[in-house]
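Asker: Protein chains in written order, with our numbering: chain S, 1 to 502; chain D, 503 to 779; chain F, 780 to 1239.
Glycine included, every Cβ here is placed at the ideal spot set by N, Cα and C.
Computed from a predicted structure; not experimentally measured.
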């Protein structure tokens, strides 16, 4: 009986328990005992795998060696992670050491190692590489290499599993679908490896020729090992797959319960508010307020983190209690909101919400806001010449005479008007988004806005590129570049053709 | 087999086609692109043919010229110098006459410069004043006067004195700021009624219209060289090459609710010049 | 042909001149053609310009436009602007020829800049060609002036803004600034006379001066014969090249046609200066971004980067545009004009040079040239810093700060780098040419050995 390994295992248990005691001493809540159980289970598995009776058997038989490996990779490694070593460490050491550990956990090497794609790939490479390279054979003949091989398997498995076991600080948290994919993708990989070993017509590791006695027995042993990997490995992975799916289900159910609780709470509050409101505001507004609305859910999901659950605003987003309908419609239909990053300027893009969702959201916000409900009405009847004059007088200074926009200082951009619809242009004129000044009906009448919008439409649609490729319509800058690069460039090429090098 | 001369002939033929395209596109009014394509093919064909001919179908030879044209040999130089000096000596016999000659030419030259003065008016006081006067109403480009309620907070318009719409020196940018934001100095407290502020639109750097208004930051930006003026601090330049604030127009509200100026600008508008201060 | 030659000789006695001229040697190096490229661009400009001149109306009187661009119908505009819009949009071949003309202007000055760089870096301005350098620099200035006056003619919003800036720069000259501005423009900006005066300058005065300067430039080159690079059979006393007739004439005509073709291609497919979009000039309107044509870009950059110095001295003002718009260009062009004389003084080399340097033969000149070029390039790029700010999403104010640093740092870095590289190249060249040979003799014993006296630097 080897005494080194039991001693090591006992020592690691002792350290672990000591850390647990320190953790309990420092923290308000004691360390979850299930983690301790996992650690104990891992030690038991390690003992079973690496001690007799499995150890001497594995010396002579590929099958039992494979069993060892499977226990290490698919049982011991996940158990190790389930024992929450990092969380334990961070919670039990003092603050300075915890800081050092935290620095390590945010360092680039760590983040590289724990990156799921890398971890998965590394695990796969180690599996295949170990079996189809001299390493395996060498491990069989050299004890030191054998220890290294086991450590390599155990380590790469830990890396593999850490991507989906999310206990404690995680560098690359993956959502449940991704985790499912991650595990699911490992199944064919291990199956193929097992299959390759099973179907091989050669004895891959000469060592077993000696221990098994004959070629036929060694081959049969190898096939058995391959089959074990294929089937048992697949089963174990499948079990993990089911566990992740079950965890996902639990998570979704808990999330649903929480949301329902929130909504229930609000329902009660709203009921009270509705009764009051009905007596003050009148039916129309309250109908919108009391009806269960998709808008409310959408707001909760997409907007409340920056604008506050009650539209009160926060450090990341302004108060919406006085926002006008035009503003909400403008920001949502141009895709500026919901903003993924609260930055200095939200640029237009594909709207993240569907038109139906936008309608619902607008309805919800306006039911809470005391801002104006006015809408813009634009059509194709604006006067083109008046629109042009108004555009040059009020808009071209920032947006350019060609409507292509440009920088207006401090990193703000007057956007290119090409991608805006006429309604959005009219809304922007009225509300003045960002640093843009607002032009209200006293300044520019509805007819005048209609004229401007007509002209912008012409700028967008009637190709003013009567002269050819417009080079972005930003003027002499692009023209100068084309003159040098294309014009002079071509001509210099001709010079090189005609002239000599001497 | 494409011999060289055949290839060159082909390019010339293409060129003819290009010219034909140009002529046809012109006659049938197919537009500048097809006309241009024809012209391009025509010229490019000619160019390719000529270059191909020059490089491939003419006997290539090199000639050597000697550079012995200059400087000339010493005898010739001496002779030239001597000829020049002989003439000068001859003229120098009545040396004082030469001085009179040059003096007369000089006087003529100076006198001839005088008509240049007709090119422009007297410098005068034109740059010191605009068309703004006491009581001049602010009007928009289409002539409509501006009432107190016409501009929303955060809006801007370009205005002129009534009767002088379009006058370049008088162009003024009218802004409405949230009440209480304007930091007016002692003598300008009455210049900004109801949050209205008016500044000369002519940039004090190089004269471009300061047309960009960053409403939420209360700053005016000039697009030519990116000078930024802080509106709440009397249009002081806070960035860019402008050195002086935009002159401010003193505003008041007439009894009938229209905005009008209290007087002309109190300093010359626009870019600086030698006699400015 | 014979009759032509005989007829000319009967009347003018030119036979010997003709014979010499037709066999004159023209070196074939490709970089010698840049000057010709500029010349052919000028010819295209004149040809298209003559045509355009028939359609342009230089009056600033109000006019109405009722052509194909409906949006402009009710816009008050000057007759000058209306005539150019009509030419562009409602006249056959009008837009094509106008675009070719404008592209030719851009390429013209680019070719001059390229040619000037070639002359500088090969030392072709040295004695006896200093005079031609001066003529050439004058041509550059005249060409830039012709371009500026030309694109200001249509009286559109973009070029009018540039005219306003030019007026302010003129105004900023101490003592006489106001008078200069009033005399040039005819009063307070904007004036009714401006377009007419620009037209006269652009179609008569400047082309005449350019043509005259080009004639002098070419005459000097003809008389002095072209320079050439070092090579086998080339000395300071000869010039080797293709004969003018037919070889070089064909090549040159081919190049001219290629230039014309390129300009025609640009004018056919690439829109340039779409003034119907900018609209007529209004002193109180502006469009962003606002840039001049590229060759004025360095002045624009200087004005943007220029610090906000406005010096008030004894009741008088020297405003900021003076330093960036007058002093800087004066110093810049002054340095360029005087360069041949400065270099002669510095190198103490007053010898005539007919053979050209390779840039690496004169590291100091190359380094200084690279630094000056870098300076001009940074200024030109800075002229469009707001466009770059928009593309890169960097605040314009940061671009200005960055370019100010770059203006100081890049010329130093470029100059030093060019200098070092030139030194390296020169050193490498001298190493790779072994200038001594070793003689090998057969010894009596039968082996081979080197003759001791022939080993450079002594035995082994």
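Quick one: is residue 476 of chain S buried, meaning 16 or more other Cβ sit within 10 Å of its Cβ, or exposed?
Answerer: Indexing the first chain from 1 puts residue 476 of chain S at position 476. Label assigned to residue 476 of chain S: buried.
Asker: Taking the alpha carbon of residue 348 of chain S as the reference point, which residue from S/339, S/354, S/356, S/355 has its own alpha carbon closest?
Answerer: Taking the first chain and counting its residues from 1, the one referred to as residue 348 of chain S is at position 348. If we check each option's Cα against that of residue 348 of chain S, S/339 comes out closest.
Asker: Name, in chain order, the residues that DSSP records as bridge partners for residue 1020 of chain F.
Answerer: On the third chain, residue 1020 of chain F is found 241 positions in, with the first residue counted as 1. D/565.
Asker: So, does the stretch 717–725 of chain D touch the stretch 432–446 of chain S, judging by three or more C-beta pairs under 8 Å?
Answerer: With a cut-off of 8 Å, the stretch 432–446 of chain S and the stretch 717–725 of chain D count as touching, because enough Cβ pairs lie within range.
Asker: What's the C-alpha gap between residue 106 of chain S and residue 172 of chain S?
Answerer: For the purposes of this step, residue 106 of chain S is taken as the residue at position 106 of the first chain. For the purposes of this step, residue 172 of chain S is taken as the residue at position 172 of the first chain. The alpha-carbon atoms of residue 106 of chain S and residue 172 of chain S are separated by roughly 11 Å.
Asker: So, with DSSP's three-state summary, where would you put residue 473 of chain S?
Answerer: Sequence index remark: in the first chain, residue 473 of chain S carries index 473 (1-based). Of the three classes helix, strand and coil, the one that applies to residue 473 of chain S here is helix, per DSSP.
Asker: By the three-class DSSP mapping on this structure, what secondary structure does residue 679 of chain D have?
Answerer: Taking the second chain and counting its residues from 1, the one referred to as residue 679 of chain D is at position 177. Coil.
Asker: Grouping DSSP H, G and I as helix and E and B as strand, with all else coil, what is residue 560 of chain D?
Answerer: The count along the second chain starts at 1 and reaches residue 560 of chain D at position 58. Note: residue 560 of chain D maps to coil in three-state DSSP.
Asker: With a Cβ-Cβ cutoff of 7 Å, do residue 226 of chain S and residue 197 of chain S count as a contact?
Answerer: As a working note, residue 226 of chain S is residue 226 in the first chain. As a working note, residue 197 of chain S is residue 197 in the first chain. Inclusion of residue 226 of chain S and residue 197 of chain S in the CB contact set at 7 Å is warranted, their separation being smaller than that value.
Asker: Tell me whether the beta-carbon of residue 812 of chain D lies closer than 7 Å to the beta-carbon of residue 608 of chain D.
Answerer: Residue 812 of chain D lies beyond the residue range present for chain D, which begins at 503 and ends at 779; the question has no answer from this structure.
Asker: Contact defined as beta carbons within less than 8 Å: I believe residue 114 of chain S pairs with residue 189 of chain S. What is the distance between those atoms, to the nearest angstrom?
Answerer: Position 114 of the first chain, counted from the start, is the residue given in the question as residue 114 of chain S. Position 189 of the first chain, counted from the start, is the residue given in the question as residue 189 of chain S. No, residue 114 of chain S and residue 189 of chain S are not in contact; Cβ-Cβ is about 19 Å, not under 8 Å.
Asker: Could you please give me the residues that DSSP links to residue 856 of chain F through a beta bridge?
Answerer: Along the third chain, read from residue 1 onward, the residue named residue 856 of chain F stands at position 77. In the DSSP output, where bridge partners are listed per residue, residue 856 of chain F has F/842.
Asker: Return the residues of the stretch 343–362 of chain S that lie within a Cβ-Cβ distance of less than 7 Å from chain F, sorted by chain order.
Answerer: none
Asker: Quick one: using the 10 Å Cβ neighbour count with 16 as the cut-off for buried, is residue 242 of chain S buried or exposed?
Answerer: In the first chain, residue 242 of chain S corresponds to position 242, counting from 1. Flag for residue 242 of chain S reads exposed.
Asker: Can you confirm whether residue 1245 of chain F, when its beta carbon is compared against all beta carbons of chain S, has any partner nearer than 7 Å?
Answerer: Residue 1245 of chain F lies beyond the residue range present for chain F, which begins at 780 and ends at 1239; the question has no answer from this structure.
Asker: Alpha carbon to alpha carbon, how far is residue 1133 of chain F from residue 502 of chain S? Give it in angstroms, no decimals.
Answerer: Here residue 502 of chain S is taken as the residue at index 502 of the first chain, counted from 1. Here residue 1133 of chain F is taken as the residue at index 354 of the third chain, counted from 1. A direct Cα-to-Cα measurement between residue 502 of chain S and residue 1133 of chain F gives close to 15 Å.
Asker: Let me make sure I understand the geometry here. Which of S/181, S/17, S/99, S/296 has the alpha-carbon closest to that of residue 262 of chain S?
Answerer: Position 262 of the first chain holds residue 262 of chain S. Closest option to residue 262 of chain S, Cα to Cα, is S/296.
Asker: Compare the C-alpha of residue 236 of chain S against each of S/77, S/97, S/378, S/361 and name the closest.
Answerer: For the purposes of this step, residue 236 of chain S is taken as the residue at position 236 of the first chain. Taking residue 236 of chain S as reference, the option from S/77, S/97, S/378, S/361 with the minimal CA-CA separation is S/77.
Asker: Determine the chain D residues that contact residue 964 of chain F at a beta-carbon separation under 8 Å, and present them in chain order.
Answerer: Residue numbering aside, residue 964 of chain F sits at position 185 when the third chain is read from its first letter. The contacting residues are 622.
Asker: Can you list, in chain order, the residues of its chain whose CB lies under 6 Å from that of residue 176 of chain S, leaving out five sequence neighbours each side?
Answerer: In the first chain, counting from the first residue as 1, residue 176 of chain S sits at position 176. Once the five neighbours on either side are set aside, the close Cβ partners of residue 176 of chain S are 248.
Asker: Within this structure, are the beta carbons of residue 449 of chain S and residue 429 of chain S separated by less than 7 Å?
Answerer: The sequence position of residue 449 of chain S within the first chain is 449, counting from 1. The sequence position of residue 429 of chain S within the first chain is 429, counting from 1. Between residue 449 of chain S and residue 429 of chain S, the gap from beta carbon to beta carbon is short of 7 Å.
Asker: Between residue 493 of chain S and chain F, is the shortest Cβ-Cβ distance under 7 Å, so that the two count as touching?
Answerer: Residue 493 of chain S sits at position 493 when you count from the first residue of the first chain. No, no contact with chain F.
Asker: Go through its chain and collect everything with a Cβ distance to residue 350 of chain S's Cβ below 6 Å, but skip five positions before and after it.
Answerer: For the purposes of this step, residue 350 of chain S is taken as residue 350 along the first chain, with counting starting at 1. Here the set comprises 335.
Asker: So, under 8 Å CB-CB, residue 853 of chain F and residue 385 of chain S are touching, yes? Tell me the CB distance rounded to an integer number of Å.
Answerer: Counting from 1 along the third chain, the entry for residue 853 of chain F is found at position 74. Counting from 1 along the first chain, the entry for residue 385 of chain S is found at position 385. Their Cβ separation, rounded to whole angstroms, is 4 Å, which keeps residue 853 of chain F and residue 385 of chain S in contact under 8 Å.
Asker: When the Cβ atoms of the stretch 933–942 of chain F are set against those of the stretch 801–815 of chain F, are three or more pairs found closer than 8 Å?
Answerer: Contact between the stretch 933–942 of chain F and the stretch 801–815 of chain F is absent, because fewer than three Cβ pairs lie under 8 Å.
Asker: At a CB-CB cut-off below 8 Å, which residues of chain D make contact with residue 957 of chain F?
Answerer: Here residue 957 of chain F corresponds to residue number 178 of the third chain, with the count starting at 1. Correct list: 625, 629, 775, 776, 777.
Asker: Short of 7 Å in beta carbon distance, which residues of its chain neighbour residue 1148 of chain F, apart from the five on each side in sequence? Order them along the chain.
Answerer: If you number the third chain from 1, residue 1148 of chain F lands on position 369. Here the set comprises 899, 900.
Asker: With burial defined as no fewer than 16 other Cβ atoms inside 10 Å of the residue's Cβ, what is the status of residue 1221 of chain F: buried or exposed?
Answerer: Taking the first residue of the third chain as position 1, residue 1221 of chain F is located at position 442. Classification of residue 1221 of chain F: exposed, given that the 10 Å Cβ count is below 16.
Asker: For residue 541 of chain D, go through chain S and note every residue whose CB falls closer than 8 Å to its CB, in chain order.
Answerer: Residue numbering aside, residue 541 of chain D sits at position 39 when the second chain is read from its first letter. Those within 8 Å of residue 541 of chain D in chain S number zero; the least Cβ separation is about 13 Å.
Asker: Write down the C-beta distance between residue 47 of chain S and residue 222 of chain S rounded to the nearest angstrom, noting that I regard them as a contact closer than 8 Å.
Answerer: The sequence position of residue 47 of chain S within the first chain is 47, counting from 1. The sequence position of residue 222 of chain S within the first chain is 222, counting from 1. Not confirmed; about 27 Å, so no contact.
Asker: Can you tell me the Cβ-Cβ gap for residue 414 of chain S and residue 398 of chain S, rounded? I've got them flagged as a contact below 8 Å.
Answerer: Start at 1 with the first residue of the first chain, and residue 414 of chain S comes out as number 414. Start at 1 with the first residue of the first chain, and residue 398 of chain S comes out as number 398. Right, the Cβ-Cβ distance comes to about 4 Å (below 8 Å), so this counts as a contact.
Asker: Does residue 516 of chain D come within less than 7 Å of chain F when only Cβ atoms are used?
Answerer: Counted from its first residue, the second chain places residue 516 of chain D at position 14. So, not an interface residue.
Asker: Report yes if the C-beta distance between residue 71 of chain S and residue 45 of chain S is below 7 Å; otherwise report no.
Answerer: The sequence position of residue 71 of chain S within the first chain is 71, counting from 1. The sequence position of residue 45 of chain S within the first chain is 45, counting from 1. Contact flag set, yes.
Asker: Any beta carbon from chain S within less than 7 Å of residue 900 of chain F's own beta carbon?
Answerer: Within the third chain, the letter at position 121 stands for residue 900 of chain F. Not closer than 7 Å to any Cβ of chain S, the Cβ of residue 900 of chain F fails to qualify, so no.
Asker: Compile a chain-ordered list of the residues in the stretch 909–922 of chain F whose CB is closer than 9 Å to at least one CB of chain S.
Answerer: Hits within the stretch: zero.
Asker: Look at residue 119 of chain S and residue 81 of chain S and say whether their C-beta atoms are less than 7 Å apart.
Answerer: Taking the first chain and counting its residues from 1, one reaches residue 119 of chain S at position 119. Taking the first chain and counting its residues from 1, one reaches residue 81 of chain S at position 81. No, Cβ-Cβ distance for residue 119 of chain S and residue 81 of chain S is not below 7 Å.
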